[in-house]
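Numbering (the working numbering) for the sequence shown: 81 to 701. Idealized CB from N, CA, C, for every residue including glycine. Everything below concerns the one structure shown next.
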Amino acid sequence: MQPTPPTTHLDRRSVPPHIPQIMTDLAHIRNFSIVAHIDHGKSTLADRLIQSTNTVTEREMKEQMLDAMDIERERGITIKANTVRIEYIAQDGETYVLNLIDTPGHVDFAYEVSRSMRAVEGSLLVVDSTQGVEAQTLANVYQAIDANHEIVPVLNKIDLPASEPERVKEQIEDVIGIDASEAMLVSAKSGIGIPETLEAIIKRLPAPKGDRDAPLKAMLVDSWYDAYLGVIVLVRIMDGVLKKGDNIKMMQTGAKYPVDRIGVFRPAMQTVDELGPGEIGFLTAQIKQVRDTKVGDTITHEKKGCETPLPGFKPSVPVVFCGLFPVDSAEFEDLRDAIEKLALNDASFSFEMETSAALGFGFRCGFLGLLHLEVVRDRLEREYDIELITTAPSVVYHLYMKDGEKIDLHNPADMPDMSSVDHIQEPRIKATILVPDEYLGDVLKLCQDRRGIQLDLTYAGPRAMVVYDLPLNEVVFDFYDRLKSVTKGYASFDYHLEGYREDNLVKMSVLVNDEPVDALSMMVHRDRAEMRGRAMCEKLKDLIPRHMFKIPIQAAIGGKVIARETLSALRKDVTAKCYGGDATRKKKLLEKQKAGKKKMRQFGKVDIPQEAFISALKMDS
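This is the structure we're talking about:
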């Protein structure tokens with residue numbers, strides 16, 4: 081949950097500085113995460129906790145201290161959960177070690193949140209006191225409750241004129257069902273209420289449990305690749321003690337390694353002599369492949385290790401698939417290296433090789449959502465300098481064949497002949513949308529248009545909470561963008577997979593100059609195929625540059641064309657040199673040009689720019 085540590089603190093080519101080991105008993109350790117909806121102030125609260133405990137100097141302090149990636153800073157979102165160790169002298173004079181994990185708020189990175197939860201005992205639930213409980217607030221707090229966390233509600237932004245702490249306290253009790261009477265009132269930006277919050281962490285969150293004398297049992301929380309130190313593993317020690325030079329074993333893979341270095345994040349990397357029960361830190365051990373470090377694995381000593389492993393994490397299940405191809409086919413090996421390195425830092429990203437007649441060699445990649453897809457694509461282009469073509473996002477369909485076989489279809493281009501398919505099932509989601517009352521009608525219409533089935537409609541104060549059963553296929557394109565635009569940004573949205581259901585689905589192919597374009601094939605509902613096809617053809621007509629010959633753009637289901645647009649040819653004025661004289665001379669030149677264009681169309685190659693592929697997917701703009 082820690083990407084490459086921020087380079088402002090540490091020249092990573094140097095060995096991380098060493099700090100003298102202070103034995104910390106379990107009663108003086110608190111491990112907690114910060115959870116909230118997007119933009120409710122998690123990272124800012126983490127900044128204030130770091131600043132008020134003098135964990136870093138004023139000179140090193142900066143906004144969003146734990147958001148280390150450029151893309152996190154640009155978008156203003158947390159993508160990777162990050163950890164930091166804080167030492168705090170409480171009002172009773174005792175020194176406490178606080179291990180804080182700042183988690184993402186967006187639905188696509190819920191897997192990061194669930195992993196973080198298993199490494200800690202408590203959570204600060206941050207709620208914006210001007211906006212109240214949102215969809216992701218609910219999703220994240222339920223994950224904390226599932227992990228048996230003690231939860232301390234924190235009402236942020238109380239210095240704003242629109243703040244309504246009493247109303248939000250009531251809302252937390254009504255909607256979530258946890259006691260908010262002693263909620264902390266803070267302003268993470270100006271520092272109001274931060275000392276009280278630190279005291280509440282000490283008094284209201286439980287200390288970790290663990291036995292120092294038991295065999296080593298450590299949870300592998302995350303791992304990522306560092307160009308200088310190799311694979312870095314983030315661990316939470318449950319029992320026993322981990323020291324430099326120990327020989328360790330991964331219980332899932334059976335791999336054995338000697339430990340080179342152990343340390344903690346403050347938030348720069350600092351080496352220590354040992355990590356005891358209840359502590360969170362990192363180790364490096366000459367691990368070459370991140371594949372050897374499975375998230376959720378149990379680390380123990382090679383000799384006299386623990387008997388039973390920890391339960392681990394449920395593996396993440398990708399819900400959106402798309403193809404990534406290099407614009408220049410010579411960069412395929414570079415793309416392979418980049419994807420393998422990126423997959424080291426992101427356990428929820430999966431990939432396999434694929435080929436396309438139009439695009440050459442590339443990879444079929446699985447993501448947790450469309451934002452996850454965008455972030456991975458941006459990181460590949462930026463960090464590894466590779467230009468990419470991204471195919472239409474699709475979900476996994478279950479095909480039931482007439483001979484009884486069941487096939488998982490990841491790519492619509494691989495669709496077998498429909499005559500051999502008995503029926504197709506598509507994934508469905510349960511979506512929770514919180515929206516102000518005045519926009520409710522627009523939201524209901526949007527969900528109905530996307531083949532949604534309404535399950536529930538309740539009110540939490542002035543806002544409606546709508547629960548819909550929706551096909552995931554209709555959501556992955558641009559549902560979130562449309563939802564934000566029809567509600568002027570006031571709606572919040574969360575979803576989880578509910579299972580598969582049969583529906584009347586067909587594969588729609590797009591043909592440009594009578595050649596099928598694999599990258600634009602998609603699965604659509606038969607009732608909406610014509611509308612989708614027409615929209616796609618109209619869009620491509622605007623996006624594909626004109627050539628010297630006429631280009632037909634068609635959408636087809638099987639052999640039947642359901643929509644067509646024609647891109648007119650660029651014309652050279654071949655009659656410009658004719659001054660007066662017989663009209664047949666002009667006619668002869670035009671006929672010659674016409675024959676040339678016909679031949680050109682037959683052999684001509686249509687260049688479709690990358691922007692056309694990406695823009696063509698945003699259907700409803």
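Item	Value
Excluding sequence positions up to five away, which residues of its chain have a Cβ less than 8 Å from the Cβ of residue 101?	Unreliable placement is indicated for residue 101, whose pLDDT of 49 sits below 50; the coordinate value is still reported in the next sentence. Within the same chain, residue 101 has close Cβ partners 352, 353 and 354.
What did DSSP end up calling residue 87 once you bin it into helix, strand or coil?	The pLDDT assigned to residue 87 is 37, lower than 50, so where the model puts this residue is not dependable, and the model offers no usable value.
Kindly give me the distance between the Cβ atoms of residue 582 and residue 504, rounded to whole angstroms, as I take these residues to be in contact under 8 Å.	7 Å
So if DSSP puts residue 579 in a beta bridge, which residue, or which two residues, is it bridged to?	508
What is the rounded straight-line gap between the Cα of residue 340 and the Cα of residue 365?	5 Å
Given that a residue counts as buried once 16 or more other Cβ atoms are within 10 Å of its Cβ, and exposed if not, what is residue 658?	exposed
Report the partner residues of residue 586 according to the DSSP bridge assignment.	604
Which residues in the same chain have their Cβ closer than 8 Å to the Cβ of residue 650, if we skip the five residues on either side of it in sequence?	626, 627 and 628
Which residue comes first and which comes last in the alpha helix (DSSP H) that contains residue 622?	609 to 623
Can the beta-carbon of residue 319 be found less than 9 Å from the beta-carbon of residue 294?	yes
Is residue 135 helix, strand or coil when you go by DSSP?	coil
Should residue 542 go down as buried or exposed, given a rule of 16 or more other Cβ atoms within 10 Å for buried?	exposed
Start and end of the beta strand (DSSP E) containing residue 540?	533 to 540
Helix, strand or coil for residue 396? Go by DSSP, reduced to three states.	coil
When you compare the CB positions of residue 399 and residue 241, do they come within less than 9 Å of one another, or not?	no
Bridge partners of residue 203, per DSSP?	113 and 231
Which of the three DSSP states is assigned to residue 593 in this structure?	coil
Leaving out the 5 sequence neighbours to the left and right, which residues in its chain are closer than 6 Å to residue 493 when beta-carbon positions are compared?	598 and 601
Suppose contacts are defined by Cβ-Cβ distances below 9 Å. Is residue 534 in contact with residue 546 by that definition?	yes
Compare the beta carbon distance of residue 571 and residue 519 with 9 Å and say whether it is the shorter of the two.	yes
Could you tell me how far apart the beta carbons of residue 330 and residue 199 are, in whole angstroms, since I believe they sit closer than 8 Å?	Actually they are not in contact, since the Cβ atoms of residue 330 and residue 199 sit about 17 Å apart, beyond 8 Å.
Between the C-alpha atoms of residue 239 and residue 210, what's the straight-line distance to the nearest angstrom?	10 Å
Could you tell me whether the segment 213 to 233 touches the segment 401 to 419, where touching means 3 or more Cβ pairs closer than 8 Å?	no
Alpha carbon to alpha carbon, what distance is there between residue 474 and residue 589?	14 Å
What are the start and end residues of each continuous beta strand (DSSP E) run of 3 or more residues lying completely inside the segment 462 to 518, in chain order?	468 to 470, 477 to 481, 486 to 489 and 501 to 516
Short check: CB of residue 248 to CB of residue 212, under 9 Å?	yes
Report the three-state DSSP secondary structure of residue 258 (helix, strand or coil).	coil
Would you say the segment 558 to 574 touches the segment 612 to 622, given that touching needs at least three Cβ pairs under 8 Å?	no
Based on DSSP bridge pairs, tell me the residues matched to residue 405.	469
Could you check where the beta strand (DSSP E) with residue 292 kicks off and where it finishes?	Where residue 292 is concerned, there is no enclosing beta strand (DSSP E), given that its DSSP letter is neither H nor E.
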